[in-house]
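In what follows, a single structure is set out as C-alpha cells and then discussed.
2 protein chains.
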Amino acid sequence: MPSEFEKPTIYEVAERAGVSIASVSRVLQNKPGVSEATRKMITSVMQELGYVPSNAARGLAGCRAGIIGLIFPDLDDPSMESGHETLLYFDEIIRGAQRAARQEGIAVLIAATHSASGRELALSIASKVDGLVVMARSVPEVDMRSLATRIPTVLLAADRHISGVDYLIADNEGGAAAVTRHLVEYHKYPTVKFIGGPSNSPDSRARFRGYCKALALANLEVPKSPWMAGDFTEASGRRIAKVILSKGSLPRSVVVGNDQMAFGMMKVLISEGIKVPQEVAITGFDDLPVARYLQPGLTTVRQPMRQLGAESIRLLLVRLGGATSPQSVTLPTELTLRQSCGCVNDDY
Amino acid sequence: MPSEFEKPTIYEVAERAGVSIASVSRVLQNKPGVSEATRKMITSVMQELGYVPSNAARGLAGCRAGIIGLIFPDLDDPSMESGHETLLYFDEIIRGAQRAARQEGIAVLIAATHSASGRELALSIASKVDGLVVMARSVPEVDMRSLATRIPTVLLAADRHISGVDYLIADNEGGAAAVTRHLVEYHKYPTVKFIGGPSNSPDSRARFRGYCKALALANLEVPKSPWMAGDFTEASGRRIAKVILSKGSLPRSVVVGNDQMAFGMMKVLISEGIKVPQEVAITGFDDLPVARYLQPGLTTVRQPMRQLGAESIRLLLVRLGGATSPQSVTLPTELTLRQSCGCVNDDY
DNA sequence: CTGTTAGCGCCTTCAT
DNA sequence: ATGAAGGCGCTAACAG
Numbered sequence: 002m003p004s005e006f007e008k009p010t011i012y013e014v015a016e017r018a019g020v021s022i023a024s025v026s027r028v029l030q031n032k033p034g035v036s037e038a039t040r041k042m043i044t045s046v047m048q049e050l051g052y053v054p055s056n057a058a059r060g061l062a063g064c065r066a067g068i069i070g071l072i073f074p075d076l077d078d079p080s081m082e083s084g085h086e087t088l089l090y091f092d093e094i095i096r097g098a099q100r101a102a103r104q105e106g107i108a109v110l111i112a113a114t115h116s117a118s119g120r121e122l123a124l125s126i127a128s129k130v131d132g133l134v135v136m137a138r139s140v141p142e143v144d145m146r147s148l149a150t151r152i153p154t155v156l157l158a159a160d161r162h163i164s165g166v167d168y169l170i171a172d173n174e175g176g177a178a179a180v181t182r183h184l185v186e187y188h189k190y191p192t193v194k195f196i197g198g199p200s201n202s203p204d205s206r207a208r209f210r211g212y213c214k215a216l217a218l219a220n221l222e223v224p225k226s227p228w229m230a231g232d233f234t235e236a237s238g239r240r241i242a243k244v245i246l247s248k249g250s251l252p253r254s255v256v257v258g259n260d261q262m263a264f265g266m267m268k269v270l271i272s273e274g275i276k277v278p279q280e281v282a283i284t285g286f287d288d289l290p291v292a293r294y295l296q297p298g299l300t301t302v303r304q305p306m307r308q309l310g311a312e313s314i315r316l317l318l319v320r321l322g323g324a325t326s327p328q329s330v331t332l333p334t335e336l337t338l339r340q341s342c343g344c345v346n347d348d349y
Numbered sequence: 002m003p004s005e006f007e008k009p010t011i012y013e014v015a016e017r018a019g020v021s022i023a024s025v026s027r028v029l030q031n032k033p034g035v036s037e038a039t040r041k042m043i044t045s046v047m048q049e050l051g052y053v054p055s056n057a058a059r060g061l062a063g064c065r066a067g068i069i070g071l072i073f074p075d076l077d078d079p080s081m082e083s084g085h086e087t088l089l090y091f092d093e094i095i096r097g098a099q100r101a102a103r104q105e106g107i108a109v110l111i112a113a114t115h116s117a118s119g120r121e122l123a124l125s126i127a128s129k130v131d132g133l134v135v136m137a138r139s140v141p142e143v144d145m146r147s148l149a150t151r152i153p154t155v156l157l158a159a160d161r162h163i164s165g166v167d168y169l170i171a172d173n174e175g176g177a178a179a180v181t182r183h184l185v186e187y188h189k190y191p192t193v194k195f196i197g198g199p200s201n202s203p204d205s206r207a208r209f210r211g212y213c214k215a216l217a218l219a220n221l222e223v224p225k226s227p228w229m230a231g232d233f234t235e236a237s238g239r240r241i242a243k244v245i246l247s248k249g250s251l252p253r254s255v256v257v258g259n260d261q262m263a264f265g266m267m268k269v270l271i272s273e274g275i276k277v278p279q280e281v282a283i284t285g286f287d288d289l290p291v292a293r294y295l296q297p298g299l300t301t302v303r304q305p306m307r308q309l310g311a312e313s314i315r316l317l318l319v320r321l322g323g324a325t326s327p328q329s330v331t332l333p334t335e336l337t338l339r340q341s342c343g344c345v346n347d348d349y
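Protein chains in written order, with my numbering: chain A, 2 to 349; chain B, 2 to 349.
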C-alpha cells in the first residue's frame with residue numbers, strides 16, 4: 002500500500018465543518034433535514050478539501066455501487082489479418098450504453114468474455130456492479146441462469162429462455178423480411194439465397210425466419226435451412242464465396258446473415274472478376290460503418306446499435322428501481338439501400 | 002431495496018464450514034496459515050453457496066477496488082451524418098486496455114467526458130477506481146493536475162506538462178516524418194503540404210514537427226505552421242477540400258493530420274472529379290479500419306492502438322504496485338503504404 | 001434540524 | 001493452524 006494518495010473522509014469534512022457526519026451524509030445525498038446555512042457551509046468545506054465520497058464504502062453501506070456491467074463475447078478471430086472487424090458492432094452498443102449511463106450518473110464496466118472464462122469473469126464482474134447487460138453468447142446459458150438469480154440482468158439479442166431477466170432485441174425478423182422482399186419484389190431476382198451465421202445465434206435464426214416469411218409471402222419455395230452458413234466473421238464470408246464459386250453457377254442474389262460475412266464474400270467475388278450487383282446481388286445485416294465505404298456500397302439492414310445500448314441501460318434502471326416484472330423490448334430495424342443489391346442509389 | 006437477490010457473505014460460508022471468517026478470508030487470498038484439509042472444505046462450501054466476495058467490502062477494507070478507469074473525450078460531432086467516425090480510434094485503445102486488464106484480473110470502467118462535464122465526471126470515476134488512464138483533451142489540465150494528486154494516472158497522447166503521472170504516446174513525429182519522406186524522396190512530389198488538427202492537440206503538433214523535420218532533411222523550405230488545419234473530423238476534411246478547390250491550383254501531395262480528415266478530403270476531391278493520387282496524393286494518420294476499404298486505399302501511418310491500450314494498463318499496474326517514479330513511454334508507429342500516395346500497392 | 005449509533009462484508013493484527 | 005475483535009467510510013434508523 003504505497004499510498005501517497007491520501008483521500009479525505011467524511012469525518013474530516015464533518016470535523017472541519019463542526020458538524021456530525023450525519024449532516025455531511027445528508028448533504029451528499031441532497032436529503033432534506035439540513036438548514037440551508039449548514040448545507041452551504043458543508044458544501045464549501047467539501048470543495049475546499051477536495052472531498053470525494055468513497056464508492057466502496059457507499060456500496061457496502063447498502064447503497065448501490067453506481068456501476069453497471071456490460072458483458073460481451075470477445076469474438077476476435079486471431080486468424081483474421083486485422084483484428085478490427087468484429088469490433089464495430091459491439092462498440093456502437095457500448096457507446097450507446099455508456100452515454101445513457103452517464104446521463105443517469107452511473108458508470109459502466111465493460112468486460113469481454115474470452116471464450117472459456119465465461120463463468121469466472123461474469124461472477125467477478127457481478128460482484129462489482131448493480132446490474133448486468135449481457136450480450137447473447139457471451140456467457141453459457143447455465144451460468145447465465147445462476148447469474149440472473151443474483152443480480153438484475155438485461156439480455157441483448159438473446160432468445161427468451163431464461164425467466165426473470167429483461168430482454169432487448171432488434172427486429173431481425175422484420176429486417177430480414179424487408180431486404181428479402183426488396184430483392185424479390187423490387188428487383189424481381191429469380192433466385193434469392195440465404196447465408197446464415199452460427200447455428201446457435203438467435204440473430205441468425207431470426208433473420209432466417211424473416212427471409213422465409215418473405216419468400217412465403219411471395220409464394221416462393223421456402224427452404225428448410227440456410228443455403229449455407231458461416232460464423233459471422235469476414236473470413237467465413239470469404240470461405241463461403243470460394244465454395245460458391247467452385248459450384249459453377251451463381252445465384253442471382255443472396256441475403257447474407259450479417260455485414261462482415263457480406264464483406265468477405267464481396268471481396269472474393271469481385272477479386273475473381275464477378276460483377277456485384279450485375280451478376281450477383283448481395284445484401285448484409287447490421288450496417289456497420291464500413292458498409293457505406295465499400296465498392297459497391299453494401300445494401301443492408303440497419304440495427305439501431307446506439308439505441309440498443311441506451312435502452313438496455315434504461316431497462317436495467319427500471320429494474321433496479323424496483324420494477325415488478327421483467328420486460329421484453331424489440332427495437333425496429335431499417336432497410337438501407339445502397340448499390341450492392343442492384344439499386345443505383347448514391348449514398349454520398 | 003427491492004432485493005430478491007440475496008448474496009451469500011463470508012459469514013455464511015464460515016458458519017456453514019464450521020470455521021471462522023478469518024480462515025475463509027485466508028483461503029480467499031491464498032494465504033498460508035490454513036491446513037490443506039480445512040482449505041478444501043472451505044473451498045467446496047464456497048462453490049456450493051456460489052459465494053463471491055463483495056468488491057465493495059474489499060475496497061473498504063483497504064484493498065483495491067480491482068477496477069481501472071478509462072477516460073476519453075466524447076468527441077462525437079452531432080453535425081456529422083453518422084456518428085460513427087470518431088469512435089474507431091478510441092475503441093481500439095479501449096479494447097487493448099480491456100484485454101490487458103482482464104489478463105491481470107482487473108476490470109475496466111469506461112467514461113466519455115461530455116465536453117463540459119469533465120471535472121465532475123472525472124471525480125466521480127476517481128472514487129470508483131484504483132487508477133486512471135486518461136486520454137489527452139478529455140479533462141481540463143487544471144482538473145487533471147488535482148486528479149493526479151489523488152490517484153495514480155497514465156496520460157495518453159498528451160504533452161508532458163504534469164509531473165507525477167505516467168505518459169504514453171505513439172511516435173507521431175517519427176510517423177509523420179516517414180510519410181513525408183516517402184512523398185518527398187520516393188515519389189519526388191514537388192509540393193508536399195501539411196494539414197493539421199486542432200491547435201491544442203499534442204498529436205497534431207507532433208505530427209507537424211515530424212513533417213517539418215523530413216522537409217528540412219530534404220533541404221526543402223520548412224513552413225512555420227500547417228498549411229491549413231481542421232479539427233480531426235471528417236466534416237472538417239470536407240470543408241478544407243472545398244477551400245482548396247476554390248483556390249484554383251492544387252498541391253501535388255498533402256500529408257493530412259489524421260485519417261478522418263483525409264477521408265473527408267478524398268470524398269470531396271473525388272466527387273469533384275479530381276483524381277487521387279494522379280492529381281493529388283493524400284496520406285492520413287492512424288490507420289483506421291476503414292482506411293483500407295477506401296478507393297483508393299489510404300496510405301497512412303499506423304498507430305499501435307491496441308498496444309497503446311495494453312501498455313497503459315501495464316504502466317498503471319506498475320505504478321499501483323508501488324513504483325518509484327513515473328515513466329514516459331513512446332510506442333513506434335508504422336508507415337502503411339496503399340494507393341492514395343501514388344503507390345500501386347495492392348492491399349488485398 | 002442535528003447528532004448518535006449500529007451495522008454493511010471483509011481484512012488484519014493479536015491471541016489462543 | 002485457528003479464532004476474536006477492531007476498523008475501513010458511509011448510510012440509515014433512531015434519538016435529542
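Where is the CB? At the ideal position from N, CA and C, for every residue including glycine.
Check whether the Cβ atoms of VAL330 of chain A and GLY176 of chain A sit closer than 7 Å, and answer yes or no.
Locating residue 330 of chain A in the first sequence gives position 329, counting from the first residue. Locating residue 176 of chain A in the first sequence gives position 175, counting from the first residue. For VAL330 of chain A and GLY176 of chain A, no; Cβs fall outside 7 Å.
On a Cα-Cα basis, can you pick out the residue from B:THR234, B:ILE241 and B:ASP160 that is closest to LEU206 of chain B?
Mapped onto the second sequence, residue 206 of chain B falls at position 205. The amino acid at residue 206 of chain B is misidentified as Leu; the sequence shows Arg. Of the listed residues, the one whose Cα sits closest to ARG206 of chain B is B:ASP160.
Pull up the distance between the alpha-carbon of VAL14 of chain B and that of PRO199 of chain A, whole angstroms please.
Working through the second sequence from its first residue, we reach residue 14 of chain B at position 13. Working through the first sequence from its first residue, we reach residue 199 of chain A at position 198. Answer to the nearest angstrom: the Cα atoms are 41 Å apart.
Would you list the residues sitting across from ILE111 of chain B in a DSSP beta bridge?
Here the question's residue 111 of chain B lines up with position 110 in the second sequence. Answer is A:VAL109 and B:LEU71, bridged to ILE111 of chain B.
Looking only at its chain, what residues have a beta carbon closer than 7 Å to the beta carbon of SER21 of chain A, apart from the 5 residues adjacent to it on each side?
For the purposes of this step, residue 21 of chain A is taken as the residue at position 20 of the first sequence. So the list reads ALA15, once near-sequence residues are dropped.
Listing by chain order, which chain B residues have their CB less than 9 Å from the CB of VAL109 of chain A?
Here residue 109 of chain A is taken as the residue at index 108 of the first sequence, counted from 1. Residues of chain B passing the Cβ test: LEU110, ILE111 and ALA112.
Taking beta-carbon pairs under 9 Å, can you tell me which members of the segment 134-159 of chain B lie near chain A?
SER147, THR150, ARG151, ILE152 and PRO153
Kindly indicate if chain A contains any beta-carbon less than 7 Å away from that of ASP92 of chain B.
Here residue 92 of chain B is taken as the residue at index 91 of the second sequence, counted from 1. At least one chain A Cβ lies under 7 Å of ASP92 of chain B.
What first and last residue would you give for the alpha helix (DSSP H) that runs through PHE264 of chain A?
If you number the first sequence from 1, residue 264 of chain A lands on position 263. It spans 260-272 - the alpha helix (DSSP H) in which PHE264 of chain A sits, taken as one unbroken run.
Near ASN259 of chain B, which residues of its chain fall below 7 Å by C-beta distance, leaving aside the five closest residues on each side in sequence?
The residue given as residue 259 of chain B occupies position 258 in the second sequence. For ASN259 of chain B, where only same-chain residues beyond five positions count, the Cβ hits under 7 Å are GLY198, PHE233, GLY285, PHE286 and ASP287.
Please decide whether LEU61 of chain A counts as near chain B, where near means a Cβ-Cβ distance under 7 Å.
Stepping through the first sequence from its first residue, residue 61 of chain A is reached at position 60. So yes, LEU61 of chain A belongs to the interface.
Residues in its own chain within less than 8 Å of GLN99 of chain B by CB, not counting five upstream and five downstream?
As a first step, residue 99 of chain B must be located in the second sequence, where it is residue number 98. Correct list, in chain order: VAL109 and GLY310.
For ILE43 of chain A, which option in A:VAL185, A:ARG17 and A:CYS213 has the closest C-alpha, if you only look at C-alpha atoms?
Along the first sequence, one-based indexing puts residue 43 of chain A at 42. The shortest C-alpha separation from ILE43 of chain A is found at A:ARG17.
Proximity of PHE6 of chain A and ILE163 of chain B at Cβ, strictly below 7 Å:
Looking up residue 6 of chain A in the first sequence gives position 5. Looking up residue 163 of chain B in the second sequence gives position 162. No, Cβ-Cβ distance for PHE6 of chain A and ILE163 of chain B is not below 7 Å.
How many angstroms separate the CA atom of ARG65 of chain A from the CA atom of HIS183 of chain A?
The count along the first sequence starts at 1 and reaches residue 65 of chain A at position 64. The count along the first sequence starts at 1 and reaches residue 183 of chain A at position 182. Taking the straight line from one Cα to the other gives about 49 Å.
For a contact defined as C-beta to C-beta under 9 Å, what are the partners of VAL53 of chain A on chain B?
Locating residue 53 of chain A in the first sequence gives position 52, where the first residue counts as 1. Neighbours of VAL53 of chain A on chain B, chain order: LEU124, SER125, ALA127, SER128 and ARG151.
If you follow the beta strand (DSSP E) that SER254 of chain B is part of, which residue opens it and which one closes it?
Start at 1 with the first residue of the second sequence, and residue 254 of chain B comes out as number 253. Here the beta strand (DSSP E) through SER254 of chain B covers 254-257.
Quick check on the DSSP output: the alpha helix (DSSP H) that includes GLY211 of chain B runs from which residue to which?
The residue given as residue 211 of chain B occupies position 210 in the second sequence. 203-218 is the span of the alpha helix (DSSP H), which, as asked, contains GLY211 of chain B.
Terminal residues of the continuous beta strand (DSSP E) containing GLY132 of chain A?
Against the first sequence, residue 132 of chain A aligns to sequence position 131. Its beta strand (DSSP E) spans residues 132-136.
Pull up the distance between the alpha-carbon of ARG208 of chain A and that of GLU174 of chain A, whole angstroms please.
Counting from one through the first sequence, the residue named residue 208 of chain A turns up at place 207. Counting from one through the first sequence, the residue named residue 174 of chain A turns up at place 173. Taking the straight line joining both Cα atoms gives about 5 Å.
For a cutoff of 7 Å on Cβ pairs, would you count GLN296 of chain B as touching chain A?
Residue numbering aside, residue 296 of chain B sits at position 295 when the second sequence is read from its first letter. At least one chain A Cβ lies under 7 Å of GLN296 of chain B.
Nearest to LEU332 of chain A by CA position, among A:ALA137, A:LYS276 and A:ASP172, is which residue?
Within the first sequence, numbered from 1, the residue matching residue 332 of chain A stands at position 331. With distances taken between Cα atoms, LEU332 of chain A lies closest to A:ASP172.
Compute the Euclidean distance between the alpha carbons of TYR190 of chain B and ARG253 of chain B, then round it to the nearest angstrom.
On the second sequence, position 189 is the one that residue 190 of chain B refers to. On the second sequence, position 252 is the one that residue 253 of chain B refers to. Going from the Cα of TYR190 of chain B to the Cα of ARG253 of chain B covers about 6 Å.
Our contact map puts ILE72 of chain B next to LEU169 of chain B with C-beta atoms below 8 Å; I'd like the distance itself, whole angstroms only.
The residue given as residue 72 of chain B occupies position 71 in the second sequence. The residue given as residue 169 of chain B occupies position 168 in the second sequence. Rounded, the Cβ-Cβ distance is 14 Å, inconsistent with contact.
Between VAL20 of chain B and chain A, is there a C-beta pair that is closer than 7 Å?
Working through the second sequence from its first residue, we reach residue 20 of chain B at position 19. No, no contact with chain A.
Do you know whose CA, among A:GLY249, A:ALA112, A:LEU295 and A:SER247, lies nearest GLY1 of chain A's CA?
With chain A covering only 2 through 349, there is no way to say anything about residue 1 of chain A.
Which residues, taken in chain order from the segment 280-308 of chain B, show a beta carbon closer than 7 Å to some beta carbon of chain A?
PRO290, VAL291, TYR294, LEU295 and GLN296
If you measure from the beta carbon of ALA242 of chain B to each beta carbon in chain A, is any gap under 7 Å?
As a first step, residue 242 of chain B must be located in the second sequence, where it is residue number 241. Taking Cβ atoms only, chain A never reaches closer than 7 Å to ALA242 of chain B, which makes this a no.
What are the residues in the segment 94-106 of chain B lying within 8 Å of chain A by C-beta distance?
ILE95, ARG96, GLN99, ARG100, ARG103 and GLY106
Use the C-beta contact count for THR334 of chain A: other C-beta atoms within 10 angstroms, 16 or more gives buried, fewer gives exposed.
Locating residue 334 of chain A in the first sequence gives position 333, counting from the first residue. Answer is buried; the Cβ neighbour count reaches 16.
Report yes if the C-beta distance between LEU299 of chain A and ALA324 of chain A is below 7 Å; otherwise report no.
In the first sequence, counting from the first residue as 1, residue 299 of chain A sits at position 298. In the first sequence, counting from the first residue as 1, residue 324 of chain A sits at position 323. No, the pair does not count as a contact, with Cβ atoms beyond the cut-off.
What is the DSSP secondary structure of TYR168 of chain A, reduced to helix, strand or coil?
The count along the first sequence starts at 1 and reaches residue 168 of chain A at position 167. Three-state DSSP puts TYR168 of chain A in a strand.
Start-end ranges of the alpha helix (DSSP H) lying completely within the segment 32-64 of chain B, minimum 4 residues:
37-50 and 56-61
Could you work out which residues of chain A lie near ALA57 of chain B, taking near to mean beta carbons separated by less than 7 Å?
The sequence position of residue 57 of chain B within the second sequence is 56, counting from 1. ALA57, GLY60, LEU61 and ALA66, listed in chain order.
If you measure from the beta carbon of PHE6 of chain A to each beta carbon in chain B, is any gap under 7 Å?
Residue 6 of chain A sits at position 5 when you count from the first residue of the first sequence. Closer than 7 Å to some Cβ of chain B, the Cβ of PHE6 of chain A qualifies, so yes.
Could you compute how far the alpha carbon of GLU186 of chain A sits from the alpha carbon of GLY70 of chain A?
Against the first sequence, residue 186 of chain A aligns to sequence position 185. Against the first sequence, residue 70 of chain A aligns to sequence position 69. Each residue's alpha carbon lies about 44 Å from the other.
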